[in-house]
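**Q**
Number of protein chains: 2
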Amino acid sequence: MQVNDRKMKVLQAIVDDYVTTNEPVGSKTLIERHNFPVSSATLRNDMAELERMGLIEKPHTSAGRIPSDRGYREYVDSLMTVDQLTEEEREDISRRIDTTVYEARDLLKNASAALSETTGLVSLVMTPRLAGSSLLQLKLLMIEPGKALVVMVLSAGVVKDKVVRIPNFLTPEQLKDISDSVEKSLNGKPLDEITLVTLATSVKTTKIPDSLLNQVLYETYTAIKQADRLDVYLEGEHNMLKLPDFSELRRAQNLLGTLSHDGMVAGYVNEIEKEKTGGDDTYMIRIGQEIALEGLEDCSFITTTYKIGDTISGNIGVIGPKRMDYSKVISQIDFVRYKINEQIKNING
Amino acid sequence: MQVNDRKMKVLQAIVDDYVTTNEPVGSKTLIERHNFPVSSATLRNDMAELERMGLIEKPHTSAGRIPSDRGYREYVDSLMTVDQLTEEEREDISRRIDTTVYEARDLLKNASAALSETTGLVSLVMTPRLAGSSLLQLKLLMIEPGKALVVMVLSAGVVKDKVVRIPNFLTPEQLKDISDSVEKSLNGKPLDEITLVTLATSVKTTKIPDSLLNQVLYETYTAIKQADRLDVYLEGEHNMLKLPDFSELRRAQNLLGTLSHDGMVAGYVNEIEKEKTGGDDTYMIRIGQEIALEGLEDCSFITTTYKIGDTISGNIGVIGPKRMDYSKVISQIDFVRYKINEQIKNING
DNA sequence: GATTAGCACTCTTGTTCTTCGAGTGCCAAA
DNA sequence: TTTGGCACTCGAAGAACAAGAGTGCTAATC
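First to last, the protein sequences are chains C and P.
Each residue of the first sequence is one higher than the one before, counting from 1379 in the working numbering.
Each residue of the second sequence is one higher than the one before, counting from 1379 in the working numbering.
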């Protein structure tokens, strides 16, 4: 139907205009900027209809229209076209990421910084989801009497460690004995299948009294459990203050206040990930009210998945105002993800 | 001299009032709130004199006075009385810090969070200065062909590690050989005395070709050098948005923008530390223009030193508006430092 | 039925003007 | 040295007003 076609074009034009100008867009400006082959009165009718459909709304009677959350959703789902970055843009991002790093963690930090700088928004990087990855090595190193370092090597070369307490009089030899035994019994096991019970029953060493052994095993277990904790790194929060969307102090306060609770953000992104339907290279987009976190009603999340090897993955993305250039940001995230995956191969290759 | 006494009392009253009310204080309100045994006209004369001395200033002709940077300085140096925290306050802080952690790093993060929450300001924690600490252990662990983990144990049980590249065909045994040799040659050396040259000349192992050895040594060296990098953790930036001092968006932008450059802040705190004159439990205070960082003209730094063992120390403190309750904040920092030192002893004892 | 011109109406934004009040500086007297 | 008194300054807050952008609706037109 031609009419509906035009209505959608109008919605698209409204989103495009509003995103760039940050001003409610009226029928007249719409005509001026996009060359619709109809009059402003017709557009007014269309806009009234779009409003009835819940896709746009007006801040007050005599202002233009702005997209509603559902309007953005429609835009993102059906109207938007994602285009390639220019060569310069790609090079710019590459330059920011391509420093020689040998640890996934550093690479992700680089990528996060690059993402926040190029988008001018808040970048978000989740640490890799390690629960499903396998424990390839585990070593207990004596640091000093009573303290040991648990070093774990997981699939795809991810390394984690933690300092733990051990009985004071345990000798380095005894520790090594336990270490070897633990390593042997856990070798290749996925992290989330390791429980204190399996650990205690499978480790056998006759030379060390059970009470000591159990204490070490317990500490080792806590180290393993801690290894798969999900963290989130946010960067570029101050960028939000530059956006007119948060020029009202209250909004900025709410936003940054909520973002300071890393755990909440991490949890939410994790949830989004679970609800994901598409493949690894699809985007998860949450707009405005769709976001269940207080203070983020005027924001959108765009996240996607990066991979470390075949088994380990994590999320990367941005948090920005609803009123953002979705298309551009998506291609930026896409390219950053591409760079991450590429570099991870370098590190692990 | 009695007169000067009163003038200083006036300055003190102005600072106290301004800090609590955030409003320029005039002669009349001064009389009302503090019971000066003189008339408002007399205070006006005193204030004119204080202004001539550069200790207070007026935002505009018909407003009251506010302390100048030098006024705050005078207040902090000579007028302020630091009083003990109440039992509840101490308990509150204790509760926030006293979780069982076995790594200094985690303890410091806890402390930082506690500090930012109790002060309502931005807390600042520097990683410990490790340059002067000694290398007690160094191990190279094979992660997978071509990748090794350098684990370093420094004085006072501080552990650092880094993943490095090694030649692909190096065997675990060869790596162990190098590792033992490196450890023997560096044992007990202060980090900052270790150079690539000393490393290369002192390590002897006949079984491995020089070119391979040197590559490993170089990577080990970078790991050692990276270990003593100073980082800074800032927490509670969003608190600043709640303060009326930064209700002007521009100020908030500048502030958060600058604080996002971790390196700059770290460098500056490091500088302050160098200029320090008193002992470890004294405070370093920098007020307004004294701070050489752009965007922090309306802020003050208060930092002090925590210790890990006898040789290692670091800084902890807050960044807040010039207009803050110096006395209160100082006693809060003091108590947090006390808790850190206490807990570190627990960890290392 | 879709489109358009026209027009009355609404509501924000910016400007100007005014008033109010807190605070100052200074003078002359105590 | 202190004080009462007074003229003066300046920002904050509010009222009044005009301008402008945009809408909805109606009646005519394609």
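Glycine residues also receive a C-beta, built at the ideal position from the N, C-alpha and C atoms.
1) Whole angstroms is fine: what's the gap from residue 1748 of chain P's alpha carbon to residue 1672 of chain C's?
2) Going by C-alpha distance, which of P/1617, P/1572, P/1583, P/1648 is nearest residue 1608 of chain P?
3) Using a C-beta cutoff of 7 Å, does residue 1492 of chain P count as contacting chain C?
4) Tell me which same chain residues have a C-beta within less than 8 Å of the C-beta of residue 1402 of chain C, skipping the five on either side of it?
5) Can you give me the C-alpha to C-alpha distance between residue 1473 of chain C and residue 1463 of chain C, rounded to a whole angstrom?
6) Label residue 1713 of chain P either buried or exposed according to how many other C-beta atoms from any shown protein chain fall within 10 Å of its C-beta, with 16 as the threshold for buried.
7) If residue 1561 of chain C sits next to residue 1516 of chain C, beta carbons under 8 Å apart, how far is it from one beta carbon to the other, in whole angstroms?
8) May I have the straight-line CA-CA distance separating residue 1563 of chain P from residue 1577 of chain P, to the nearest angstrom?
9) Taking the C-alpha atoms as reference points, what is the distance between residue 1669 of chain P and residue 1680 of chain P?
10) Quick check on the burial criterion: 16 or more other C-beta atoms within 10 angstroms. Buried or exposed for residue 1587 of chain C?
11) Using the C-alpha atoms, what's the distance from residue 1594 of chain C back to residue 1677 of chain P?
12) Applying the criterion that 16 or more other CB atoms from any shown protein chain within 10 Å of the CB defines a buried residue, is residue 1656 of chain P buried or exposed?
13) Where residue 1628 of chain P and residue 1465 of chain P are concerned, what is the direct C-alpha to C-alpha distance, given to the nearest angstrom?
14) Distance check for residue 1718 of chain P and residue 1486 of chain P, CA to CA, integer angstroms please.
15) Looking only at its chain, what residues have a beta carbon closer than 8 Å to the beta carbon of residue 1433 of chain C, apart from the 5 residues adjacent to it on each side?
16) In the DSSP assignment, what residue or residues form a beta bridge with residue 1425 of chain C?
17) Use the C-beta contact count for residue 1404 of chain C: other C-beta atoms within 10 angstroms, 16 or more gives buried, fewer gives exposed.
18) Name the residue from C/1541, C/1489, C/1617, C/1500 whose alpha carbon lies nearest to the alpha carbon of residue 1518 of chain C.
19) Counting only Cβ pairs nearer than 8 Å, list the residues of chain C close to residue 1521 of chain P.
20) Give a yes or no on whether 7 Å exceeds the smallest Cβ distance from residue 1616 of chain C to chain P.
21) Residue 1667 of chain C: buried (16+ other C-beta within 10 angstroms of its C-beta) or exposed?
22) Quick check: is the beta carbon of residue 1442 of chain P nearer than 7 Å to any beta carbon in chain C?
23) Does residue 1525 of chain C get closer than 7 Å to chain P when you measure Cβ to Cβ?
24) Closer than 7 Å, CB to CB, is residue 1480 of chain C near chain P or not?
25) Which residues in chain C have a C-beta closer than 9 Å to the C-beta of residue 1664 of chain P? List them in chain order.
26) Flag residue 1630 of chain P as yes if its beta-carbon sits less than 7 Å from any beta-carbon of chain C, otherwise no.
27) What are the boundary residues of the beta strand (DSSP E) that residue 1728 of chain C is part of?
28) Cα separation between residue 1684 of chain C and residue 1511 of chain C?
29) Chain C partners of residue 1541 of chain P, CB-CB under 7 Å?
30) Note down, in chain order, each residue of its chain lying with its Cβ closer than 7 Å to the Cβ of residue 1477 of chain P, except the 5 sequence neighbours on either side.
31) Give, in chain order, every unbroken run of the beta strand (DSSP E) that is at least 3 residues long and sits entirely within the region 1459-1509 of chain C.
32) Does any C-beta atom of chain P lie closer than 7 Å to the C-beta of residue 1634 of chain C?
33) What did DSSP end up calling residue 1726 of chain P once you bin it into helix, strand or coil?
34) Should residue 1530 of chain P and residue 1553 of chain P be called a contact, given that it needs their Cβ atoms to be closer than 7 Å?
35) Could you pull out every unbroken beta strand (DSSP E) segment of at least 3 residues lying fully inside the region 1383-1445 of chain C, listed in chain order?
36) Quick check: the region 1545-1559 of chain C against the region 1565-1576 of chain P, are there 3 or more CB pairs under 8 Å?
**A** On the basis of the data shown:
1) Within the shown structure, residues of chain P are numbered from 1379 to 1727, placing residue 1748 of chain P beyond reach of any answer.
2) Ranked by Cα distance from residue 1608 of chain P, the options P/1617, P/1572, P/1583, P/1648 are led by P/1648.
3) Not closer than 7 Å to any Cβ of chain C, the Cβ of residue 1492 of chain P fails to qualify, so no.
4) Non-local C-beta neighbours of residue 1402 of chain C in its own chain, meaning closer than 8 Å and more than five positions away in sequence, comprise 1396, 1436, 1437, 1441, 1442, 1443, 1444, ordered along the chain.
5) For residue 1473 of chain C and residue 1463 of chain C, the gap between their C-alpha atoms comes out near 15 Å.
6) With at least 16 other beta carbons inside 10 angstroms of its own, residue 1713 of chain P counts as buried.
7) Indeed they touch by this definition, with Cβ atoms about 5 Å apart.
8) For the pair residue 1563 of chain P and residue 1577 of chain P, the Cα-to-Cα distance works out to about 8 Å.
9) Taking the straight line from one Cα to the other gives about 11 Å.
10) Exposed.
11) When rounded, the distance between both Cα atoms is 48 Å.
12) Exposed: under 16 other Cβ atoms inside 10 Å.
13) Using only the alpha carbons, I get a separation of about 39 Å.
14) Our two residues, residue 1486 of chain P and residue 1718 of chain P, have alpha carbons roughly 7 Å apart in a direct line.
15) Cβ within range, chain order: 1389, 1445, 1446, 1448, 1449, 1452.
16) Here residue 1425 of chain C is not bridged, per DSSP, to any residue.
17) Burial state of residue 1404 of chain C is buried, judged by a 10 Å Cβ sphere holding 16 or more other Cβ atoms.
18) Minimum Cα distance to residue 1518 of chain C is reached at C/1541.
19) The answer, in chain order, is 1515, 1531, 1535, 1537.
20) Interface residue, yes.
21) Result: exposed.
22) No, residue 1442 of chain P lies away from the interface with chain C (no Cβ there is under 7 Å from its Cβ).
23) It does; some Cβ of chain P falls within 7 Å.
24) Closer than 7 Å to the CB of residue 1480 of chain C there is at least one CB belonging to chain P.
25) Neighbours of residue 1664 of chain P on chain C: none; closest Cβ ~22 Å, over 9 Å.
26) Yes, because at least one Cβ of chain C sits closer than 7 Å to the Cβ of residue 1630 of chain P.
27) Past the edges of chain C, shown from 1379 to 1727, lies residue 1728 of chain C, and the structure says nothing about it.
28) In this structure, the straight-line span from the alpha carbon of residue 1684 of chain C to that of residue 1511 of chain C is close to 15 Å.
29) Taking the beta carbon of residue 1541 of chain P as reference, the chain C residues within 7 Å of it are 1480, 1481, 1537, listed in sequence order.
30) Cβ neighbours of residue 1477 of chain P beyond the five flanking positions: 1488.
31) Counting only runs of 3 or more, we get 1500-1504.
32) With 7 Å as the cut-off, residue 1634 of chain C counts as an interface residue toward chain P.
33) Residue 1726 of chain P: helix per DSSP, three-state reduction.
34) No; because the gap between Cβ atoms is not below 7 Å, this pair is not in contact.
35) Qualifying beta strand (DSSP E) stretches: none in this window.
36) With contact defined as three or more Cβ pairs closer than 8 Å, the region 1545-1559 of chain C and the region 1565-1576 of chain P are not in contact.
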